[in-house]
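Residue 918, in the UniProt record's numbering, is where the sequence shown stops; the numbers in between run on with no holes. A short write-up of the structure that comes next.
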Amino acid sequence: MTNMVTFKVFLLLFVSDLLFTDGAHNILFPIGGLFNSKNLPDSEMVFDNIVKIGTTKVYHGRAIHSRVLDSYSTALELCPLTSDNKGFVALVDARPTHGICDITCLICNRLNISHLILGWEPPATLEHDSYTFSYHPPWELISKSYATLIKTLQWDKFTFLYEDDGSFLRLQEVINSWPYKQEQILYRKLDPNGDNRELFKYIIKVEHMSFHVLDCDVKNIQKYMEEIVKVENSTQYLSFILTALDAYTVDLKSVPDLRANVSTMHLTKLNDESWKDLDVDVEGRSVRLETALAADALHHLDKAIRSMGIATIDDSIRSQLVIEDPPSLCFRDSKADYEAVAWSLGSKLRDALLKTTCEGFTGTISFDTSGKRQNFILWYSKLNTESRFSYVGYWDSKMDVLVPQIDVTERSSARSSKNVIRIVSRNERPYFEIDETNATAKPRGYAVELTEKIFEYIKNKSKTREEFLYEFYRVKGDSYGNPIAGTKKWDGVIGELLEHNAELAICDLTITSDRNAVVDFSTPFMSLGISLLTKESEPLETNMFSFIEPLSLDVWLYLATTYIIVSFVLLICARMSQGDWVNPHPCNQNPENLQNIWSLYNCMWLTMGSIMTQGCDILPRAAGSRWVTGIWWFFALIVTASYTANMSTFLSANRRSNEIKDISELAGKTDIAYGTLYNASTYKFFENSNDTLYKKLWSVMKSAKPSVFTVSNDDGRDRVMRSKGKYAFFMESTSIEYYMQKYCNLKMIGKLDSKDYGIAMPKNSPYKSMIDSAILALQESGQLSELKKKWWEQDNDDKKCEKTEADKDDGGSLQMKNTSGIFLVLCVGGVIGTIVAIIDFLLHAHKICVKEKVTFKEAIASEWRASFNPRALHKPAAPPRSAAPSTATPSPLRERSQSRAVSVLRAASSFINFDEIY
Ligand SMILES: *[C@@H]1O[C@H](CO)[C@@H](O)[C@H](O)[C@H]1NC(C)=O
Ligand SMILES: *[C@@H]1O[C@H](CO)[C@@H](O)[C@H](O)[C@H]1NC(C)=O
Ligand SMILES: *[C@@H]1O[C@H](CO)[C@@H](O)[C@H](O)[C@H]1NC(C)=O
Ligand SMILES: *[C@@H]1O[C@H](CO)[C@@H](O)[C@H](O)[C@H]1NC(C)=O
Ligand SMILES: *[C@@H]1O[C@H](CO)[C@@H](O)[C@H](O)[C@H]1NC(C)=O
Numbered sequence: 001m002t003n004m005v006t007f008k009v010f011l012l013l014f015v016s017d018l019l020f021t022d023g024a025h026n027i028l029f030p031i032g033g034l035f036n037s038k039n040l041p042d043s044e045m046v047f048d049n050i051v052k053i054g055t056t057k058v059y060h061g062r063a064i065h066s067r068v069l070d071s072y073s074t075a076l077e078l079c080p081l082t083s084d085n086k087g088f089v090a091l092v093d094a095r096p097t098h099g100i101c102d103i104t105c106l107i108c109n110r111l112n113i114s115h116l117i118l119g120w121e122p123p124a125t126l127e128h129d130s131y132t133f134s135y136h137p138p139w140e141l142i143s144k145s146y147a148t149l150i151k152t153l154q155w156d157k158f159t160f161l162y163e164d165d166g167s168f169l170r171l172q173e174v175i176n177s178w179p180y181k182q183e184q185i186l187y188r189k190l191d192p193n194g195d196n197r198e199l200f201k202y203i204i205k206v207e208h209m210s211f212h213v214l215d216c217d218v219k220n221i222q223k224y225m226e227e228i229v230k231v232e233n234s235t236q237y238l239s240f241i242l243t244a245l246d247a248y249t250v251d252l253k254s255v256p257d258l259r260a261n262v263s264t265m266h267l268t269k270l271n272d273e274s275w276k277d278l279d280v281d282v283e284g285r286s287v288r289l290e291t292a293l294a295a296d297a298l299h300h301l302d303k304a305i306r307s308m309g310i311a312t313i314d315d316s317i318r319s320q321l322v323i324e325d326p327p328s329l330c331f332r333d334s335k336a337d338y339e340a341v342a343w344s345l346g347s348k349l350r351d352a353l354l355k356t357t358c359e360g361f362t363g364t365i366s367f368d369t370s371g372k373r374q375n376f377i378l379w380y381s382k383l384n385t386e387s388r389f390s391y392v393g394y395w396d397s398k399m400d401v402l403v404p405q406i407d408v409t410e411r412s413s414a415r416s417s418k419n420v421i422r423i424v425s426r427n428e429r430p431y432f433e434i435d436e437t438n439a440t441a442k443p444r445g446y447a448v449e450l451t452e453k454i455f456e457y458i459k460n461k462s463k464t465r466e467e468f469l470y471e472f473y474r475v476k477g478d479s480y481g482n483p484i485a486g487t488k489k490w491d492g493v494i495g496e497l498l499e500h501n502a503e504l505a506i507c508d509l510t511i512t513s514d515r516n517a518v519v520d521f522s523t524p525f526m527s528l529g530i531s532l533l534t535k536e537s538e539p540l541e542t543n544m545f546s547f548i549e550p551l552s553l554d555v556w557l558y559l560a561t562t563y564i565i566v567s568f569v570l571l572i573c574a575r576m577s578q579g580d581w582v583n584p585h586p587c588n589q590n591p592e593n594l595q596n597i598w599s600l601y602n603c604m605w606l607t608m609g610s611i612m613t614q615g616c617d618i619l620p621r622a623a624g625s626r627w628v629t630g631i632w633w634f635f636a637l638i639v640t641a642s643y644t645a646n647m648s649t650f651l652s653a654n655r656r657s658n659e660i661k662d663i664s665e666l667a668g669k670t671d672i673a674y675g676t677l678y679n680a681s682t683y684k685f686f687e688n689s690n691d692t693l694y695k696k697l698w699s700v701m702k703s704a705k706p707s708v709f710t711v712s713n714d715d716g717r718d719r720v721m722r723s724k725g726k727y728a729f730f731m732e733s734t735s736i737e738y739y740m741q742k743y744c745n746l747k748m749i750g751k752l753d754s755k756d757y758g759i760a761m762p763k764n765s766p767y768k769s770m771i772d773s774a775i776l777a778l779q780e781s782g783q784l785s786e787l788k789k790k791w792w793e794q795d796n797d798d799k800k801c802e803k804t805e806a807d808k809d810d811g812g813s814l815q816m817k818n819t820s821g822i823f824l825v826l827c828v829g830g831v832i833g834t835i836v837a838i839i840d841f842l843l844h845a846h847k848i849c850v851k852e853k854v855t856f857k858e859a860i861a862s863e864w865r866a867s868f869n870p871r872a873l874h875k876p877a878a879p880p881r882s883a884a885p886s887t888a889t890p891s892p893l894r895e896r897s898q899s900r901a902v903s904v905l906r907a908a909s910s911f912i913n914f915d916e917i918y
């Protein structure tokens, strides 16, 4: 028991008389202050100051400084110091209490002497400890304020950093009222004397925790902060709650690299001027809570004693009043002994203390029936940009609400001048493009200009109009980012953000819930959906003979063969049937020969006429040939009707039959493969979708061989272009729009979902709110859509795709290019007919020139005149073919008039005959 041996008690102030009466009417009550080496020298000084200054006070007091730490020795010390009528009516006890009512406390309670404790742990109060008053507000209430603060700051998980197990006692409420899973709190014990850097590295770099409750001794805060900035450069993503009520007195300016949000609560006010009245210098250093509590305890006690109404009384009354001296604080043998010497006014003073409320340095002092502080207010402060704590609001214990009052720019938004914002992106036209082989080349793209505009807007808005410096860099592998299995790390741009290598990620990054769980996203700057990229089906070769197409080549050949065969069959039938052998001269009743008009020439003419639905003026008469002709007509009817029907549908419908019009059609097609970018958000969309259609598409994609997934969007596009409509690619609609501007034969189908591109940043980025408002403003002013237009349309160096209206929709009608063949056939037919007619004419002329013995030229000229005389519809008949050259050489004219007479007769006879037949 070395403590016992070395114990020494200092009496700092001697007051020998008890219930000392001053010259006038006042009774001064003796009080004591018990301090030990663990207390701050300030508290003792304040106690002394207050006691000394107190000319108008109702008490006189002395401080007892105990060098021993154990409570038993202290209690032993007190006995000699308080005997001989030197007892106290109240004892201000500034020692740490350790949460128990120690021996001094017990003695005070037995003797009805008020025991005013200042330590943070109120002793577990029992019924008989009712003389104990705790001036430190109870931690059950204070920790409620931290719980409320955590709720207000919207923390979703945090680390609980503590030095000793007392933290769990103090901050129970924080843990008990945590609305999420307990696993979301990471508990770690700090070593105040050792190196905690590995621990901080683990918390920040491995667990990626950004929110921390730091419950530690005030004097260690700086040390921990220094350790943290050593392991983490990007402290702006960290946020701390310091639970020490004195934490606001710590000078964090000495840790200039700490750019975290730091919040703390405190009972005492910053730079309270009233300390000056107590001769305490507040300049340069802040008054600690314990000191303030000591001052408040004395002030409260003073008021309570006055309220008892016995301090200043008339002499007459006082003579009747017996005011007993308080007993000495010594051990007694039995309970009865204690009761016998208990201070008679003790319970009155206690009641007065309970009833009295007053304003002190720590706010309103008021006790509930068990001697605990109630209805107090905690001030809420944050570290501002200058690394000073600055008042922002308060928490009221009665209401348990945190009332914000002043806006303070947090430390995290402070930027040092050398600070260059690093922005990560990935190569993908038109968003971002950088030529890394060329050191002087600047990145270009939509993202670059968007960033320019955003920071220009922020600069325009800010009062200081300071420039933001930023630099872009390209992520390795150009990947968006996926979790690395087995770790808490990610790769790609998300990984860069998590490692705090970059402060922003600006590229075509889709906002997904997975990503949002690890990083923050700004307001989306672009909205899009998943669409299908396919190739425009090849335009039909412009075939001017497309009128042939309704019937296949086979059918045409069969048709031609049938035509010839039927003509022959008809010829044979007609030749065999007697009905078709007719009398050539109806007038002659007994003709020498019968005539059959069915030459092969005529047969073919009849069959041709009927299949062209035109008919023919000569028709068979016999049953057999008529039967053949009838059947042929029937055949022609079917063939022409089919041709006509096919012709119209074929030319319009056939060309689109193989195209996909809707994504749902894909599911039924087995001849078209479709895929997406491997492991990107579209891939995830299908993987995680619950929709039956998308599930079906996903299962097809997953099992497809060869793999339908590509490593980049450009690969996907190339595959679509190469595969002649046999491959389609799911990707984001904006990228498709971009490709469509460049490659005219691509097109977009459908839109599966709606999603957004946003700017990603590490959680709790100080830029989030600025960027959000910048994007909204740019959107409203139309600058975003302008930017998109610029990069999607104007940036394409290649020719633009002009799609004419007619091209897009010709409504299935026949186009000239499809039908010009018919005109060609007509021309050729006309020309052939004309040539045949000319040959015929020439042959005829030749005959005439032979017969008439005129020159060929004369023959042509005379025939020409005779044939093309516009006023005459008749011309002289040619000499009969059978007639032998006449010896009488009749003049051609006479001969002609003769033959004309003959032909008129013939015509008349055939006319009559015609009538007879029909
Ligand atoms: C902090 O930044 C400095 C200089 O930029 C760098 O050398 C150091 O490695 C960084 N430290 C950590 C823990 O990232
Ligand atoms: C001391 O306090 C107790 C409890 O309040 C009370 O019962 C007792 O009467 C008091 N003793 C004297 C002497 O007033
Ligand atoms: C590098 O980039 C600069 C600026 O864009 C350009 O002028 C220069 O020609 C480029 N050099 C090469 C080798 O591509
Ligand atoms: C910023 O201010 C300048 C000049 O006042 C203006 O020309 C520019 O358009 C503004 N930029 C934005 C993004 O608002
Ligand atoms: C710091 O405070 C700012 C402003 O209240 C907030 O936007 C940011 O997310 C906070 N940072 C952290 C790490 O909590």
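Note that the Cβ used here is the ideal one computed from N, Cα and C, for glycine as well.
In this structure, the straight-line span from the alpha carbon of G481 to that of A295 is close to 59 Å. For W178, no alpha helix (DSSP H) run applies, since DSSP gives it neither H nor E.
Our two residues, V392 and P443, have alpha carbons roughly 43 Å apart in a direct line. In the DSSP assignment, E198 falls within the unbroken alpha helix (DSSP H) covering R197 to K201. Bridge pairing for A673: Y727 [DSSP]. Per the DSSP secondary-structure output, T534 pairs in a beta bridge with K747. At least one heavy atom of ligand 2 lies less than 7 Å from the C-beta of N112. Uninterrupted beta strand (DSSP E) stretches at least 3 residues long and entirely within the region 384-421 occur at 389-396 and 401-404, given in chain order. By the C-beta criterion, the region 688-701 is judged not to be in contact with the region 778-786, since fewer than 3 inter-stretch pairs fall below 8 Å. Each of F376, F367 and C507 was checked against the Cα of I423, and the nearest Cα belongs to C507. According to DSSP, residue pairing for M265 in a beta bridge involves Y380. Below 8 Å, enough C-beta pairs join the region 371-386 and the region 258-269 to call them touching: three or more. In summary, L600 is exposed, with fewer than 16 beta-carbon neighbours lying within 10 Å of its beta-carbon over all protein chains present. Boundaries of the alpha helix (DSSP H) harbouring L301: L289 to S307, taken from the DSSP string.
If you draw a straight line from the Cα of F729 to the Cα of V720, it comes to about 7 Å. Per DSSP, the beta bridge partners of I241 are V213 and S263. Comparing alpha carbon positions, the residue from K790, V213 and E339 closest to W155 is V213.
Only exposed fits L469, as fewer than 16 other CB atoms lie within 10 angstroms of its CB. Of the residues W178, M265 and Y237, the one whose Cα lies closest to the Cα of V250 is M265. The criterion of a C-beta distance shorter than 8 Å is not satisfied by L349 and A292. The beta carbon of Y237 sits closer than 7 Å to at least one heavy atom of ligand 5. Per DSSP, the continuous beta strand (DSSP E) segment holding G363 begins and ends at G363 to I365.
A Cβ-Cβ distance of about 22 Å is found for the pair G99 and E77, leaving them out of contact under the 8 Å criterion.
By the Cβ-count criterion, R722 is exposed, with fewer than 16 other Cβ atoms from all chains shown falling within 10 Å of its own Cβ. Between R388 and the set P256, V46 and V341, the nearest pair of CA atoms involves P256. Per the DSSP secondary-structure output, G32 pairs in a beta bridge with R62 and L91. Bounds of the alpha helix (DSSP H) holding I572 are L553 to M576. Short of 7 Å from the beta carbon of A147, and not among the five residues preceding or following it, lie these beta carbons of its own chain, in chain order: E173, V174 and S177.
Put simply, the backbone Cα of V218 is about 25 Å away from that of N49.
If you look at E471, you'll find it in the beta strand (DSSP E) that goes Y470 to R474.
Close CB contacts of C79 within its chain, under the 8 Å cut and outside five residues either way in sequence, are with S328, L329, C330 and F331 (chain order). Between I64 and F35, the C-beta gap is smaller than 8 Å, which places the two residues in contact.
Cβ contact annotation for N602 (same chain, cutoff 7 Å, sequence separation greater than five): I618, in chain order. If only complete runs of 4 or more residues are kept, the region 601-656 shows the alpha helix (DSSP H) at 623-653, in order along the chain. V206 and L504 have their C-alpha atoms roughly 20 Å apart. Secondary structure remark: continuous beta strand (DSSP E) runs of at least 3 residues inside the region 142-167, in chain order: 158-162.
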